[in-house]
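Down below is the structure, laid out as structure tokens.
2 protein chains.
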Amino acid sequence: MRVVARNADYTKEYNRKLVLRLLRHQPLSRAEIARRTGLTRASTSLIAAELLNDGLVREMSPVANPRGRTSTPLMLCPEAGYAIGIYLNRDGCSAGLVDIGGNIIVSNEIRMTGEGDKLEPLRQVIQQLSQTEGVQRERLLGIGISAPGPLDGESGRILNPPRFDLWHQVEIGPQLQEATGLPVFLANNATCLASYHCGRPESYGSSNFLLLLVDSGVGSGVISKGKVLKGAGYFTSELGHTTIRYDGRPCACGNIGCLEEYAAIPKLLNGTGFHSWKELVDALDSDPEAVYLMAQEAEYLSAAIVNLTNLVRIDSVLLAGDLLYGAERIMPLIERRVNRRCLSYGCQPIRVYPSASVPGIRILSAADMAFDRLLRI
Amino acid sequence: MRVVARNADYTKEYNRKLVLRLLRHQPLSRAEIARRTGLTRASTSLIAAELLNDGLVREMSPVANPRGRTSTPLMLCPEAGYAIGIYLNRDGCSAGLVDIGGNIIVSNEIRMTGEGDKLEPLRQVIQQLSQTEGVQRERLLGIGISAPGPLDGESGRILNPPRFDLWHQVEIGPQLQEATGLPVFLANNATCLASYHCGRPESYGSSNFLLLLVDSGVGSGVISKGKVLKGAGYFTSELGHTTIRYDGRPCACGNIGCLEEYAAIPKLLNGTGFHSWKELVDALDSDPEAVYLMAQEAEYLSAAIVNLTNLVRIDSVLLAGDLLYGAERIMPLIERRVNRRCLSYGCQPIRVYPSASVPGIRILSAADMAFDRLLRI
DNA sequence: ATCCTTTTGTTAATCTGATTGACAAAATTA
DNA sequence: TAATTTTGTCAATCAGATTAACAAAAGGAT
């Protein structure tokens, strides 16, 4: 066990990051920062002066208070930092340059053929994005990559994605790090989305939630006490492989009866008259089969959510992916089932919400990892 | 979000606790502490001087090194701190006074009738234990209580334990805190045992493990990254209520098909010729039914463990309770099933071990919470 | 208008911790 | 015996936050 002691350097860095994190999602005056952090106003002033000097923060126009002197809010300069967000999928990727204010400056789509060096197109697009005018090299903080699992976020390696052969066993992290000299952060789609929602109003103020990404598979990202839930070896949650049928169908993962085998949209619709979740939702008021299938989907998901929440209590579930369409129909079904069945001694009931539908969220959430890790304390 | 800044006070306290934690389980020289913490030798010396002065630490006789000057190891004084550990069960409790070196100084058993003030006997035994000769009041650090779940460790309230009516809804934490003026820490048996194993050789060096306590119920304690896994509201894991049969028997918790309904020993043995786990184990070589039942038990437990490890990857499972008897027979059964079915991209296989069988472990693990929390950083 | 109160933001002096760099102490090796 | 290695201590220094004072900027009371 190597544990590091604290010293003045650490203290300074910690407090600086603390202030930056506070300013990440809203502007605050020096006095307000002092109140929220427990720092004295004097210390806050010193830190603010340094951040102003470094060009990370700027003063906004003064704001009147109910009583007393006006305060001048500080805001994070959007141009204080940039990151490149890359969203990988089966046959290509979307990539974009994002500033720390959450604006996509430029973006790009690439299709991949699978021939030659798979990383070459990525290197090119990164090269191109990082030469965007007005972006100084030293302001480019890192590269965030959102990819379908399974992968090893720590070593930056994509493992053995089913139906995703293109990227089989590619050490994307180290290789891009090598090529660009920038830190690379890799996470699966759902974890990436979950991480993006944390601390934002889009997550309804919760810092203990499950993000459930249902489309051709079932992905999960769990935020517990404001941090991505990670186990040994930085393995992140795979709710898609919770067993919900002990005598069920075999899954590619080697187990049987996995949630994904039932709740992934193609699996749910297999053998029915529906070809997409949208089609099913649109038929809800006319076709009893649609109603039945949605109830089934809610049943499958709820079974897995109950198992999760009995292990790591969450207070809400955010739906993402196909389920966003007609979310208001399935939300109460899941909510009722989950709360009826989970242990809940003295806890608030679990709420189900739609996740944020922000334009470009796939690129934004990927890039966000780079910002988040660099402000991480 | 209230997040506190760091200052010199924090730094000092952090480093002091860091050193004390390092010395908790083995003696180390100043130079070795410096190497492990990253502190300079000078700082380590200063901290050590203070700890020596406070009587928390003492010097051992010098030890020769392969080369260079001899080093004088520092050890935590066993009498540096004491805690009272209380293990509650259905009809009474065991209580003991424990020193920080892990020695039980005095202990006591109480039977409870359920009449009158349930807390009065506890107050008396605490009073009595805390007046043990040679124990200064200011060295008594707290009271740790290990109880069958469910309970709310944070508010110190026992909730609604099935088959445990005596303690229904008792606010044991605040009440004993009020009566004694000491901090009170409450956790369920399994969590308490898990926490005790963490950081000790008894947990085989792991800091990501599940402790599975199987007897009349199924309790679980998960240690992830060296800390007890807690969700929102400080809810701890309840693997006993993972669904392993979607069409199974109703459980007292309101769900159906919970692990506990199948794997708790009385449930497993119900309707068989066996009256205890020991009887079953002893019959393994002569009675095929015993073999079948043990395989069943392994099957049930494995199903739940797989679900757990797909959410929060662990590297080992420690068996406690009845399963300790004949553990070497069931261990490989569980190990094989779990590793065959869980996601394990690039991870080491999960190992199953017996938990420590230390005399008085119930009292020790309860008391340990008080020590642990006070050294917690 | 003027004073009082409240709140914000700044400043210089101070405090408190770890670090630096030197050194003595205690052992082994050449 | 001298050189080397490692441990542990000391005084001087450094680097942060804090303290306590103050000026600045508003609103409300007289």
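So the sequence lines, in the order shown, correspond to chains A and B.
Position 338 of the first sequence, counting from 1, maps to 338 under the working numbering, and the rest follow consecutively.
Position 349 of the second sequence, counting from 1, maps to 1349 under the working numbering, and the rest follow consecutively.
From the three backbone atoms N, C-alpha and C, an ideal C-beta is built for every residue, glycine too.
Residue burial classification, residue i (beta-carbon count within 10 angstroms, cutoff 16)
i	result
B:Ile-1377	exposed
B:Phe-1371	buried
A:Ser-365	buried
B:Ser-1061	exposed
B:Pro-1266	exposed
B:Met-1001	Unreliable placement is indicated for B:Met-1001, whose pLDDT of 48 sits below 50; the coordinate value is still reported in the next sentence. Exposed is the call here.
B:Arg-1030	buried
B:Glu-1297	buried
B:Glu-1154	exposed
B:Ala-1367	buried
B:Asp-1054	exposed
A:Ser-286	exposed
B:Tyr-1292	exposed
B:Arg-1111	exposed
A:Val-3	exposed
A:Ser-276	exposed
B:Gly-1181	exposed
B:Pro-1150	buried
A:Ile-363	buried
A:Val-281	buried
A:Val-63	exposed
A:Arg-340	exposed
B:Asp-1152	buried
B:Gly-1068	exposed
B:Asn-1065	exposed
Assumed close pair residue i, residue j - CB separation to whole angstroms, cut-off 8 Å
i	j	result
A:Leu-319	A:Leu-212	6 Å
B:His-1197	B:Ala-1356	6 Å
B:Gly-1231	A:Arg-313	3 Å
B:Ile-1086	B:Leu-1122	7 Å
B:Leu-1193	B:Val-1184	Their Cβ separation, rounded to whole angstroms, is 18 Å, which puts B:Leu-1193 and B:Val-1184 out of contact at 8 Å.
B:Gly-1092	B:Glu-1115	Wrong, their Cβ atoms sit about 13 Å apart, outside the cutoff.
B:Ala-1190	B:Gly-1219	3 Å
Candidates the options, of which the one nearest residue i by Cα
i	options	result
A:Ile-47	A:Gln-26, A:Thr-11 and A:Pro-78	A:Thr-11
A:Glu-261	A:Leu-239, A:Ile-110 and A:Lys-225	A:Leu-239
A:Val-125	A:Asp-117, A:Ala-95, A:Ile-143 and A:Pro-148	A:Ala-95
B:Ala-1187	B:Arg-1021, B:Arg-1041, B:Glu-1138 and B:Ile-1143	B:Ile-1143
B:Leu-1343	A:Pro-73, A:Thr-243 and A:Asn-310	A:Thr-243
A:Gly-226	A:Tyr-204, A:Ala-232 and A:His-241	A:Tyr-204
A:Arg-337	A:Gly-321, A:Ala-283 and A:Ile-305	A:Ile-305
A:Glu-32	A:Leu-74, A:Gly-81, A:Gln-136 and A:Arg-58	A:Leu-74
B:Leu-1141	B:Glu-1059, B:Glu-1079 and B:Gly-1199	B:Glu-1079
A:Gly-217	A:Gln-136, A:Ala-147 and A:Gly-68	A:Ala-147
B:Asn-1208	B:Val-1214, B:Asp-1215 and B:Gly-1199	B:Gly-1199
A:Leu-18	A:Asn-270, A:Leu-259, A:Thr-44 and A:Arg-6	A:Thr-44
A:Pro-288	A:Thr-272, A:Tyr-246 and A:Thr-191	A:Thr-272
A:Tyr-325	A:Ile-84, A:His-241, A:Ala-283 and A:Tyr-246	A:Ala-283
B:Asp-1009	A:Ala-290, A:Gly-38 and A:Glu-178	A:Gly-38
B:Ile-1105	B:Ala-1083, B:Thr-1113 and B:Pro-1349	B:Ala-1083
B:Arg-985	B:Leu-1375, B:Tyr-1300, B:Asp-1322 and B:Ser-1316	There is no way to answer for residue 985 of chain B, as the model of chain B reaches only from 1001 to 1377.
B:Asn-1310	A:Ile-100, A:Gly-134, A:Phe-235 and A:Ala-34	A:Phe-235
B:Leu-1097	B:Asn-1270, B:Leu-1375 and B:Gly-1360	B:Gly-1360
A:Ala-290	A:Asn-270, A:Leu-308 and A:Ser-302	A:Asn-270
Host alpha helix (DSSP H) of residue i (start-end)
i	result
A:Ser-316	Per DSSP, A:Ser-316 belongs to no alpha helix (DSSP H); it is in the beta strand (DSSP E), 316-321.
B:Val-1057	Here B:Val-1057 belongs to no alpha helix (DSSP H); instead the beta strand (DSSP E) covers 1057-1059.
B:Pro-1332	1327-1341
B:Cys-1192	1189-1197
B:Leu-1375	1361-1375
A:Asn-200	Note on residue identity: the sequence assigns Arg, not Asn, to residue 200 of chain A. Careful: A:Arg-200 lies outside any alpha helix (DSSP H) and carries neither H nor E.
B:Tyr-1345	Neither: B:Tyr-1345 is in no alpha helix (DSSP H) and is coded neither H nor E.
B:Val-1281	1277-1282
B:Arg-1036	1030-1037
A:Val-3	Where A:Val-3 is concerned, there is no enclosing alpha helix (DSSP H), given that its DSSP letter is neither H nor E.
Host beta strand (DSSP E) of residue i (start-end)
i	result
A:Ala-298	Not the beta strand (DSSP E): A:Ala-298 falls in the alpha helix (DSSP H), residues 288-311.
A:Leu-76	74-76
Counting only runs of 4+ residues fully inside the stretch 222-270 of chain A, write out the alpha helix (DSSP H) ranges in chain order.
Entirely contained in the stretch 222-270 of chain A, the alpha helix (DSSP H) runs reaching 4 residues are, in chain order, 259-263 and 265-269.
What are the start and end residues of each continuous beta strand (DSSP E) run of 3 or more residues lying completely inside the stretch 1078-1144 of chain B, in chain order?
Considered as a whole, the stretch 1078-1144 of chain B harbours 1082-1089, 1092-1099 and 1104-1111 as its complete beta strand (DSSP E) runs of no fewer than 3 residues, in chain order.
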